[in-house]
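Beneath this line is the structure, given in structure tokens, with notes to follow.
2 protein chains.
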Amino acid sequence: MTTQQNKTTEQAIHIGSSCACFAVRKMTRAVTQLYDHHLSEAGLRITQFTLMNAISGFGQVPVYVLAEELVMDRTTLTRNLKPLIKAGLVDSIPDEKDARVRNLSLTPEGAKRLRTATPHWERAQAEFVEKVGEKSWAEVSQGISLIDRALSNGPRPSDRLIATG
Amino acid sequence: MTTQQNKTTEQAIHIGSSCACFAVRKMTRAVTQLYDHHLSEAGLRITQFTLMNAISGFGQVPVYVLAEELVMDRTTLTRNLKPLIKAGLVDSIPDEKDARVRNLSLTPEGAKRLRTATPHWERAQAEFVEKVGEKSWAEVSQGISLIDRALSNGPRPSDRLIATG
DNA sequence: CAAATATAGATGCATATACATTTATTTCAA
DNA sequence: TTGAAATAAATGTATATGCATCTATATTTG
């Protein structure tokens, strides 16, 4: 049994160091914390900043479109929106044409908060790029795009826009 | 105000496509789903598989050591262990020397489940590497290691081991 | 047009994540 | 040796994530 036990242990260690999912999750924890620490000064998390920034970019956008754009489960998006709506930063208004749809937009207070938070995001991004190195990040960033394309089941809306242009 | 509005919108779009944290979080969602879909056949999630695999590698390990090893907040680890302990896959035994410490180990059932799940992990990993490309993943993997080192506040235990050898 | 199907959003459930704090214990220093 | 400081784990609180399912509405089909 000793041999069997040793083999199992070695296999375990091997998986730990090679598992792609563990690697990306671990990295994401570290990156998220860096951004969250900066944005906490503005009372937002990076996930919330991302959401508000995307909504701001659209001006007005249905939940399902935003979910597609962010490659996020619709139900996840619904939940993530809840604290922002409750805090009065985001409005969720029923669509006039389609009663199933709700359109999201920033409230004036939401737009203000986004402006206040942006310098903190910039500092987080700057610290990240400074620590990792601009060149290294550019390479990893390309790799991430590649992974996104490899794992998605078809072109995203944004990709279509680019492909069309 | 129209000019101001347009400027804000363009800035919003720019942040969305360049934010390192959004990029890594989006990728992690996709990768996690791939692994989770495979491992669901064994009744585990990739996070649980990772935990059990690490515990198996140690044989017996205190919570705080495992947290360091996985670069995970101790409280996060405590919570993630709860369903595994409840399911009888992991044992949490008080240390004999230090009453504050709890040592984790796989139960026989846990070891069995880990063995059952491993082929599913292998299929997930194989599908990932096949889709992304072995060479591309090797490059991204190096980049991830680089980011880990850049964001950590010092060498991890495993790094020390390698550096010593 | 009415029934079947599809879509948008919300909810129930379960887990993942981390900060602030609490509790128990150990270590260290006066 | 005792009292302060440090450490390990757990808990309170809040958000992040996604599957299965439900409800309401819209679209398609017979």
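Sequence order for the protein chains is A and B.
Quick note: the first sequence uses our numbering, first residue 1, plus one each step.
Quick note: the second sequence uses our numbering, first residue 1001, plus one each step.
Yeah, the Cβ is synthetic: ideal placement off N, Cα and C, and Gly gets one too.
Remember, it's a predicted structure, so these values are computed and weren't measured experimentally.
Annotated three-state conformation of D1073/B is coil, per DSSP. Residue range V1090 to P1094 is occupied by the beta strand (DSSP E) that includes V1090/B. Membership of L1106/B in the beta strand (DSSP E) is indicated by the continuous run R1102 to L1106. Against chain B, the beta carbon of D148/A has neighbours under 9 angstroms at A1023, K1026, M1027 and A1030, listed in chain order.
Counting other Cβ atoms within 10 Å of its Cβ, T76/A stays below 16 and is therefore classed as exposed.
Listed as beta-bridge partners of P1062/B by DSSP are N1103/B.
The closest CA to that of Y1064/B, considering only G1043/B, Q1048/B and S1092/B, is found on S1092/B. At least 9 angstroms separates the CB of K82/A from every CB of chain B.
The C-beta separation of R1123/B from H1038/B comes to about 5 angstroms, placing the pair in contact by the 8 angstroms criterion. Between Q1125/B and A20/A a beta carbon distance of about 6 angstroms is seen, short of the 8 angstroms cut, so the two are scored as contacting. Pairing A42/A with W1137/B, the inter-Cα distance amounts to about 36 angstroms. Interface criterion not met: the Cβ of E1109/B is under 9 angstroms from no Cβ in chain A. With respect to L1044/B, R1113/B sits close: the two C-beta atoms are nearer than 9 angstroms. Pairwise C-beta distances place the stretch 1019-1035 of chain B out of contact with the stretch 1097-1114 of chain B, as fewer than three of them are shorter than 8 angstroms. In this structure, R102/A is the residue among N53/A, P94/A and R102/A with its C-alpha nearest to the C-alpha of R74/A. Neighbourhood of Q125/A in chain B, by CB distance below 7 angstroms: C1019 and A1020, in chain order. Identification of chain A residues near G1043/B by a Cβ-Cβ cut-off of 7 angstroms yields none; the smallest Cβ-Cβ distance measures about 17 angstroms. The beta carbon of P1119/B is closer than 7 angstroms to none in its chain, skipping five residues each way along the sequence. In the three-state scheme derived from DSSP, where H, G and I count as helix and E and B as strand, S152/A is classed as coil. The DSSP assignment places complete alpha helix (DSSP H) segments of no fewer than 4 residues inside the stretch 1101-1144 of chain B at 1108-1132, in order along the chain. Listed along the chain, the chain B residues whose CB falls inside 8 angstroms of the CB of V140/A are V1140, G1143, I1144, L1146 and I1147. N1053/B and T1047/B have their C-alpha atoms spaced approximately 10 angstroms apart. Listed by position along chain A, the residues whose Cβ is nearer than 7 angstroms to that of S1136/B are G143 and L146. Taking 9 angstroms as the cut-off, the beta carbon of Q60/A is found closer than this to the beta carbon of S105/A.
Ranking A99/A, V129/A, K86/A and T50/A by CA distance to the CA of A1150/B puts V129/A first. Neighbours of G1088/B across chain A, judged by C-beta separation under 7 angstroms, do not exist; the nearest C-beta is about 19 angstroms away. Between L1084/B and L1051/B, the beta carbon gap of about 7 angstroms places them in contact (Cβ cut-off 8 angstroms). Under a criterion of Cβ atoms nearer than 9 angstroms, the residues of chain B adjacent to K131/A are, in order, I1147, A1150 and L1151.
Neighbours of V1071/B in chain A, taken as residues at a C-beta separation under 8 angstroms, are given in chain order as K26, R29 and A30. Residues of the same chain with a CB within less than 8 angstroms of the CB of S1152/B, apart from the 5 flanking positions on each side, are V1071 in chain order. Look at Y1035/B: its C-beta is under 9 angstroms from a C-beta on chain A. V31/A is not a Cβ neighbour of L1146/B, given a cutoff of 9 angstroms. Secondary structure of A54/A (DSSP, three-state): helix.
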